[in-house]
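Numbering (the numbering used here), first residue to last: 32 to 603.
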């Protein structure tokens with residue numbers, strides 16, 4: 032399958048530069064309505080020009096066919112569009128890729144490629160294998176020579192995929208490059224994933240000794256595939272090459288209007304900046320999103336199903352798991368949005384101490400009271416359990432930064448740690464001394480609650496930001512520069528820092544290294560603007576955008592040689 036796709040892409044890159052004018056809509060009209068998916072380049076000339084500029088900026092040599100430098104003689108050179116469709120073939124629906132390219136003169140087109148006439152088709156010889164080309168309605172259809180039958184079985188139908196993309200059409204045509212998976216393709220994908228889950232479950236059961244109920248937990252994910260199959264109508268991925276050199280990746284998903292997923296998009300307006308209250312510290316990732324009741328219920332329902340499916344791991348029955356969903360209702364209903372930061376931290380910091388969460392609620396103090404009651408009920412349900420939550424949960428008042436908050440602690444069950452080599456030491460590096468999780472919930476103002484782990488260092492810094500005593504992360508120059516490249520997300524927004532990620536990884540390497548052994552370290556990544564992302568709702572569709580600034584993209588390309596040099600066998 033992969034070889035076949037590569038064969039088609041090779042054919043397109045070879046011939047695309049010499050195609051006549053044809054808009055994206057015309058190319059999409061040629062794709063059958065029941066196609067599994069397709070890729071389209073709506074404006075090939077401008078896109079290849081952008082690729083050429085991008086390659087020059089990054090110092091990357093690109094093939095001439097991808098930069099518009101290689102053209103077929105005698106054919107138009109403006110406003111071209113090409114597509115590659117994935118359709119069900121005659122062999123039990125096995126996917127077959129078909130390239131669709133506009134031609135002005137098919138005979139001249141095939142002659143320029145050195146094709147030979149065979150069985151009513153022109154055969155083009157490529158290094159990966161032969162390609163058959165046939166002409167229909169002013170387009171050349173290119174398919175692996177041994178799959179020519181698909182042109183009759185799949186492309187002889189009147190309806191086209193253009194009739195099915197509907198409201199997504201403008202979005203697709205606005206992209207430099209678009210990849211679309213249709214509902215037909217999603218159904219096949221979900222079916223294959225479910226089959227894979229069934230095979231994995233069978234293998235686990237045959238092996239025996241499934242102490243963690245892994246096979247049953249996999250069954251919960253199979254139900255997720257069913258939900259996706261029923262409610263997701265289209266998944267589209269777009270790539271835009273900005274004149275500034277920035278790279279923008281976009282993902283669009285359209286849901287069935289009456290489904291659970293569409294209900295999640297009916298979110299309340301975000302209460303200001305998703306980074307509000309976050310301290311300005313070196314970070315790996317920071318961001319947040321709206322959490323309406325529909326989203327919270329869906330997440331909690333999934334958690335309950337996982338718990339119910341794994342009584343050995345969690346130690347609760349179906350009834351007890353369902354009870355936890357009811358008890359969690361009041362606290363979930365109070366949360367309006369949630370933000371989080373993972374700081375790069377220092378080598379001695381635990382993993383959990385590098386994280387804080389800020390919850391936007393309708394009433395911060397009432398949320399803390401409801402959460403305290405939830406913990407009491409949770410302890411009652413879990414009493415006597417031998418699962419992962421069997422340890423007693425303790426909560427007590429605590430004062431942080433002059434504010435009355437709540438401290439929660441829970442020791443990780445000893446019977447679970449005894450099963451892991453060096454379990455205690457590993458756990459302490461994750462959550463803190465004694466293998467005990469400590470969490471601090473502190474009201475920052477009337478609506479916001481700050482949650483931190485292990486100690487209160489980051490909590491104190493967040494409170495200082497809320498009080499106006501320190502600048503927040505959203506005011507950092509690099510974050511502001513990245514934020515300016517995207518619109519404000521109505522559902523969520525955030526940032527990923529490559530420099531912070533590398534610093535975090537090096538800290539983890541040092542923490543995990545045995546005493547006396549050489550520590551593997553990656554070179555420091557240059558200080559560049561972070562990668563920014565935002566999520567917005569458009570009716571029953573959700574759109575996510577991510578922008579890699581040009582400066583950051585150049586640093587990523589230049590970072591590879593530094594890593595190879597640092598990890599070379601003779602490196603100091």
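Heads up, the beta-carbon is just placed ideally off N, CA and C, and yes, glycines get one too.
Which residues in the same chain have their Cβ closer than 8 Å to the Cβ of residue i, if we skip the five residues on either side of it in sequence?
{"i": "residue 198", "result": "285, 570, 572"}
{"i": "residue 366", "result": "322, 327, 390, 391, 392, 398"}
{"i": "residue 595", "result": "none"}
{"i": "residue 295", "result": "323, 325, 326, 329"}
{"i": "residue 250", "result": "228, 232, 340"}
{"i": "residue 124", "result": "219"}
{"i": "residue 410", "result": "423, 424"}
What residues in its chain sit with their C-beta under 7 Å from that of residue i, if we drop five residues either side in the sequence?
{"i": "residue 381", "result": "460, 461, 462, 463, 485"}
{"i": "residue 540", "result": "550, 551, 552"}
{"i": "residue 406", "result": "424, 426, 439"}
Terminal residues of the continuous beta strand (DSSP E) containing residue i?
{"i": "residue 116", "result": "113-119"}
{"i": "residue 484", "result": "479-484"}
{"i": "residue 271", "result": "263-272"}
{"i": "residue 430", "result": "424-431"}
{"i": "residue 354", "result": "Where residue 354 is concerned, there is no enclosing beta strand (DSSP E), although the alpha helix (DSSP H) it sits in stretches over 349-365."}
{"i": "residue 441", "result": "434-442"}
{"i": "residue 70", "result": "68-72"}
Kindly identify the DSSP beta-bridge partner or partners of residue i.
{"i": "residue 314", "result": "374"}
{"i": "residue 280", "result": "270, 577"}
{"i": "residue 203", "result": "According to DSSP, which records beta bridges pairwise, residue 203 is partnered with nothing at all."}
{"i": "residue 569", "result": "572"}
{"i": "residue 142", "result": "Residue 142 is not bridged to any residue."}
{"i": "residue 162", "result": "155, 175"}
{"i": "residue 474", "result": "480"}
{"i": "residue 170", "result": "133, 167"}
{"i": "residue 467", "result": "442"}
{"i": "residue 127", "result": "118"}
{"i": "residue 511", "result": "Residue 511 is not bridged to any residue."}
{"i": "residue 285", "result": "265, 572"}
{"i": "residue 320", "result": "369, 523"}
{"i": "residue 63", "result": "191"}
Going by DSSP, what residue range makes up the alpha helix (DSSP H) through residue i?
{"i": "residue 537", "result": "529-543"}
{"i": "residue 556", "result": "Residue 556 -> no alpha helix (DSSP H), and no H or E assigned at all."}
{"i": "residue 83", "result": "75-89"}
{"i": "residue 392", "result": "Looking at the DSSP string, residue 392 is not in any alpha helix (DSSP H); the run it does join, the beta strand (DSSP E), is 386-392."}
{"i": "residue 340", "result": "324-340"}
{"i": "residue 210", "result": "Unbroken run through residue 210 is the beta strand (DSSP E), 208-212; no alpha helix (DSSP H)."}
{"i": "residue 492", "result": "488-497"}
{"i": "residue 409", "result": "395-413"}
{"i": "residue 194", "result": "193-196"}
{"i": "residue 55", "result": "55-60"}
{"i": "residue 521", "result": "Taken as a continuous stretch (DSSP letters only), residue 521 belongs to no alpha helix (DSSP H), as it is neither H nor E."}
{"i": "residue 550", "result": "Note, residue 550: premise wrong, no alpha helix (DSSP H); not H, not E."}
{"i": "residue 506", "result": "Unbroken run through residue 506: none, as it is neither H nor E."}
{"i": "residue 598", "result": "No alpha helix (DSSP H) holds residue 598; DSSP gives it neither H nor E."}
Only counting the same chain, and skipping five residues up and downstream in sequence, which positions put a Cβ closer than 6 Å to that of residue i?
{"i": "residue 408", "result": "358"}
{"i": "residue 208", "result": "72, 270"}
{"i": "residue 339", "result": "349, 352"}
{"i": "residue 121", "result": "180, 184"}
{"i": "residue 211", "result": "68, 69, 267"}
{"i": "residue 394", "result": "none"}
Would you check if the distance between the CB atom of residue i and the CB atom of residue j is smaller than 7 Å?
{"i": "residue 526", "j": "residue 325", "result": "no"}
{"i": "residue 586", "j": "residue 559", "result": "yes"}
{"i": "residue 403", "j": "residue 426", "result": "yes"}
{"i": "residue 116", "j": "residue 62", "result": "yes"}
{"i": "residue 520", "j": "residue 566", "result": "yes"}
{"i": "residue 176", "j": "residue 164", "result": "no"}
{"i": "residue 310", "j": "residue 496", "result": "yes"}
{"i": "residue 305", "j": "residue 319", "result": "yes"}
{"i": "residue 283", "j": "residue 574", "result": "yes"}
{"i": "residue 597", "j": "residue 554", "result": "yes"}
{"i": "residue 501", "j": "residue 277", "result": "no"}
{"i": "residue 356", "j": "residue 337", "result": "no"}
Shorter than 7 Å from the beta carbon of residue i to some beta carbon of chain C?
{"i": "residue 382", "result": "No chain C appears in the structure shown, which is made up of a single protein chain."}
Next item on the list: Say whether the stretch 163-181 touches the stretch 199-213, bearing in mind that this needs 3 or more beta-carbon pairs closer than 8 Å, one atom from each stretch.
Entry: no
Margin query: Check whether the stretch 225-237 and the stretch 130-147 are in contact - that is, three or more C-beta pairs closer than 8 Å.
Written below: no
Notebook entry, point to check: Is it true that the stretch 270-278 meets the stretch 214-227, where meeting means three or more beta-carbon pairs spaced less than 8 Å apart?
Noted result: no
Margin query: I'd like to know if the stretch 346-354 and the stretch 371-378 are in contact, where contact means that at least 3 CB-CB pairs between them fall below 8 Å.
Written below: no
Margin query: Tell me whether the stretch 430-439 and the stretch 467-483 touch, counting them as touching only if at least three CB pairs, one residue from each stretch, are closer than 8 Å.
Written below: yes
Margin query: Under 8 Å, with one C-beta from each stretch per pair, do the stretch 498-513 and the stretch 255-266 reach the 3-pair mark?
Written below: no
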